[in-house]
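So the structure is just underneath, and the comments pick up after that.
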Amino acid sequence: MRTGEPLPSVGDVLAALATGLWHWDTAAGLVTVDAEAARLLGLPEEATTLTEAQTRARLHPVDWNEITGVIPLAVAEGTLAEVRIRIMDERGNILRVVRSRSKPAYDPERQAYQLIGTLQEVTEPTPGTQAARSAVTGDWRRSREAFLLDAGRALAEARSTEEVLRVAGGLSMPGFSPDGLVVFGVAGDRLTIIGQHGHQPGDLGPFSNMALTTDYPAAQVSRTGRAVYLSSPEEYRARYPAAWPLARRFGRSSWAFLPLTVAGRTMGAWMAAFTYPVAFTPDERAVLATVARMLAQALSRAEATASERELTEGLQRSMLPSLGPEIPGMLVAARYIPTGGGLQVGGDWYDMIPLPSGRFALVIGDVQGHDVRAAGLMGQLRIALRAYASEGHRPDAVLSRASRFLHGITHDDELTDLRFATCVYVEADPETGLLEVARAGHPDPVIRMADGTVMKRLTAGGLPLGIDPDADYPTTRFTLEAGETLTLCTDGLIETGGHDLESGWRRLRAILEAHPRDDEDDLESLADALVQGVHGPSSHHTVGPLTDRREDDIALVLLCRPGDGRGYGATATVRPQVRRTLLSVAQDEPDRIAEARRHLRELLHDWAACEQVDSAVLLVSEMVTNVLVHTDADALLLAEVAGEVGARRLRVEVTDVGDDLPHRRRPGELASSGRGLMLIELLADAWGVDPRGEGKSIWFELYEPEGASEGGAADDEDPQDEPSEGAA
23 MRTGEPLPSV GDVLAALATG LWHWDTAAGL VTVDAEAARL LGLPEEATTL TEAQTRARLH
83 PVDWNEITGV IPLAVAEGTL AEVRIRIMDE RGNILRVVRS RSKPAYDPER QAYQLIGTLQ
143 EVTEPTPGTQ AARSAVTGDW RRSREAFLLD AGRALAEARS TEEVLRVAGG LSMPGFSPDG
203 LVVFGVAGDR LTIIGQHGHQ PGDLGPFSNM ALTTDYPAAQ VSRTGRAVYL SSPEEYRARY
263 PAAWPLARRF GRSSWAFLPL TVAGRTMGAW MAAFTYPVAF TPDERAVLAT VARMLAQALS
323 RAEATASERE LTEGLQRSML PSLGPEIPGM LVAARYIPTG GGLQVGGDWY DMIPLPSGRF
383 ALVIGDVQGH DVRAAGLMGQ LRIALRAYAS EGHRPDAVLS RASRFLHGIT HDDELTDLRF
443 ATCVYVEADP ETGLLEVARA GHPDPVIRMA DGTVMKRLTA GGLPLGIDPD ADYPTTRFTL
503 EAGETLTLCT DGLIETGGHD LESGWRRLRA ILEAHPRDDE DDLESLADAL VQGVHGPSSH
563 HTVGPLTDRR EDDIALVLLC RPGDGRGYGA TATVRPQVRR TLLSVAQDEP DRIAEARRHL
623 RELLHDWAAC EQVDSAVLLV SEMVTNVLVH TDADALLLAE VAGEVGARRL RVEVTDVGDD
683 LPHRRRPGEL ASSGRGLMLI ELLADAWGVD PRGEGKSIWF ELYEPEGASE GGAADDEDPQ
743 DEPSEGAA
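The opening position of the sequence shown corresponds to residue 23 in our numbering, with each subsequent residue numbered one higher.
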């Protein structure tokens, strides 16, 4: 072509260069190609218009996904979209590899992309070579996909900002790994540094607290939300002359600044710096952009987690009070452990309430559920209980009013969110150790005696709070003896680790018995031992039968009365040698006879002669049954073990207010009653009947034989499923 002649047409130039032209409108779903582009696609060499489906059929499916991923990236960065594409025939064979270069534009009104680009055939590079680092071929693609999967998994598992930064600093990108990383945040109109990797302390001082209007790449990215790639120091110096003196001293050759965007909001920028030149090909930019998106999501989750943790701690501080002032003559310790998932506060709570009478109340409970609703109801119920207790009401009245209150705030016309709560309310007298217990569907308290014996303290109870507004809650009274410890807990402490109530109780009993007793007043270490034993790593060694059971919140309160004559905080060095328990059985509670038998077995868990334990259980069953059958009064059972191990004495008394004294009878062969006194005379070492001012007391004693093999039956099955009917 001579000088001055007109330039050839664009079509002639493209044809001479074996380059095809194509146009894609995503709104219409049509792709228009010229003759050369049609030939490269394996079609007849003539201009034509194809549907997206027809075009997609000519391309390798992976490369089609590559095109749809590169287009939004190019629009966001204002650059060309360049990819390699494998052209397939009808049988799935690769005809050729072409390079596509296009300038995409986005139409927000139509919400569609329009692309005008070129297609040109290229030679397929040898896998593993530098040229093979393309968007569609070679080992680099597979390495990139594996890297993104690993990076995504690691960032998804990070739960704090520190963890996210540690993961980001350890990322090794395939073929181009940055040696300097900085994560910038935005606080008001200033640029802040959230974290960095590959820099010495103090190096980044000039970049922290920088105004967003500064002519610095990270500030520009944070303002505009568009990435900046600088392939060489010359390009950096030309585009950002004011910031170049600050960046020059680090000796880097290439930089990538990418926006950290979440839900359309740019929360900062991520800088990846390289000591060697990087061209930032479309594939490399795609990798960096993907990592930036994952990093932004991880930082956003970490920020939300931190806010949730702060909210949780605030809820715990406001809803779980401290134990308050010291109590002369008694020690108190408490723990609260939230469940491992979701909101870290639930429906469990404890409280200690000073009463107008000079006594104090211990409360522990569990509102149904593990959500915000349960936490809110817990706070309301705790305040209501404090109010009723501070008015001076007795334990049964406090729980009755609390049940009516909870029923009123959870029962509406639609019955959409019914809730109930279990609770134990204990009123304690520090001077005498007298405890008055009212229970609403909650596990029974547990007593650890001075000699280490651990027993459930069976108490009367009523329905959980909130079910029946007119429910009654009977009160059980007993004395916390010197050296004894009362344990109150929610079912989370019992059932954590897949245990049910029975297996969980056996585990707790073992922990209580194994804890050293030479420092009885150290309740804090005992509380730690209980929590660690069921919530720490050791709990995995005693997994219960319900291994798929959801973990629950844990609330725990311990109350200890030190030894006689020992003031607050003193250690009882001389321990009582008497182990006793008291239990009442009302006329309308014959089922508690079985509880009395189990109670006695627990009291005699280390008795040396198993046959004597069986005899004692049988006699207690006979004596209590006689009171219920032959009188109109309730039975009061007192069992006491005294003396040194191997030479102890068991004394059991059953008292009632009836005036008729028992007398021996001669029952016939088929008689169903009348053998009570015969059994006592046969099995007991000593027995008797003592008249009282009102009523009587029948008692028996058993003496532990020396040299007998130990083997109490505290945890054995009770052979008497039903109470026998004696007739003394």
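All C-beta atoms, glycine included, are put in the ideal place defined by N, C-alpha and C.
All values derive from a computational prediction rather than experimental measurement.
Per-residue burial, residue i [other beta carbons within 10 Å of its own, 16 or more giving buried]
i: A40; result: exposed
i: P417; result: buried
i: E88; result: buried
i: D388; result: buried
i: S199; result: exposed
i: G139; result: buried
i: S329; result: exposed
i: L440; result: exposed
i: D654; result: exposed
i: A190; result: buried
i: D305; result: buried
i: E624; result: buried
i: G227; result: exposed
i: Y298; result: exposed
i: G290; result: buried
i: A608; result: exposed
i: G514; result: buried
i: E726; result: buried
i: V676; result: buried
First through last residue of the beta strand (DSSP E) which encompasses residue i
i: L137; result: A134 to V144
i: F427; result: That residue, F427, is in no beta strand (DSSP E); its alpha helix (DSSP H) goes P417 to T432.
i: I469; result: V468 to R470
i: I216; result: R212 to H219
i: H45; result: T41 to D47
i: A103; result: A103 to M110
i: R287; result: R287 to F296
i: M195; result: That residue, M195, is in no beta strand (DSSP E); it is neither H nor E in DSSP.
i: T90; result: Careful: T90 lies outside any beta strand (DSSP E), inside the alpha helix (DSSP H) at P83 to E99.
i: Y447; result: A443 to A450
Near the ligand ATP: residue i beta-carbon under 8 Å from a heavy atom
i: T454; result: In terms of ligand content, the structure shown is empty, and the ligand ATP therefore cannot be addressed.
Beta-ladder partner(s) of residue i, from DSSP
i: L353; result: C582
i: I359; result: I576
i: M477; result: I469
i: W721; result: E675 and G710
i: T501; result: L456
i: S276; result: F296
i: E662; result: R602 and R673
i: E716; result: Paired residues: none, contrary to the question.
Residues near residue i in its chain [Cβ-Cβ closer than 7 Å; skip 5 each side]
i: H557; result: I359, T518 and I576
i: L63; result: V55, R80 and I109
i: L384; result: M374, V448, A450, L510, V579 and L581
i: L131; result: The residue asked about is misnamed: residue 131 is Glu in this sequence, not Leu. Result list for E131: empty, nothing under 7 Å.
i: G174; result: M316
i: L345; result: V354, A356 and M374
Nearest-angstrom beta carbon gap, residue j and residue i [assumed within contact, 8 Å]
i: R423; j: I375; result: That pair is no contact at about 14 Å.
i: G369; j: E453; result: That belief does not hold up - the Cβ atoms of G369 and E453 are roughly 34 Å apart, past 8 Å.
i: V309; j: M195; result: 6 Å
i: R619; j: V651; result: Not really, about 17 Å apart at Cβ, beyond 8 Å.
i: T481; j: P467; result: 7 Å
i: A176; j: A324; result: That belief does not hold up - the Cβ atoms of A176 and A324 are roughly 13 Å apart, past 8 Å.
Contacting residues, own chain, Cβ-Cβ under 6 Å from residue i (five flanking each side not counted)
i: T497; result: P417, D418, E458 and A460
i: Y135; result: T48, I93, P126 and Y128
i: R752; result: A question about residue 752 goes unanswered here, because the residues of the chain that appear run from 23 up to 750.
i: I489; result: F442
i: V476; result: R470, R531, L534 and E535
i: Y372; result: A356, I386, A577 and V579
i: G391; result: G369
Cβ shell of residue i (< 8 Å), same chain only, five flanking positions each side left out
i: G100; result: R248
i: A264; result: T236, D237 and Y238
i: L36; result: G42, L43, D56, E58 and T140
Boundaries (first-last residue) of the alpha helix (DSSP H) holding residue i
i: G191; result: T183 to G191
i: A59; result: A57 to L62
i: D370; result: From DSSP, D370 is part of no alpha helix (DSSP H) but of the beta strand (DSSP E) over D370 to P376.
i: T246; result: P239 to T246
i: I533; result: L523 to A536
i: E546; result: L545 to H557
i: P255; result: P255 to R261
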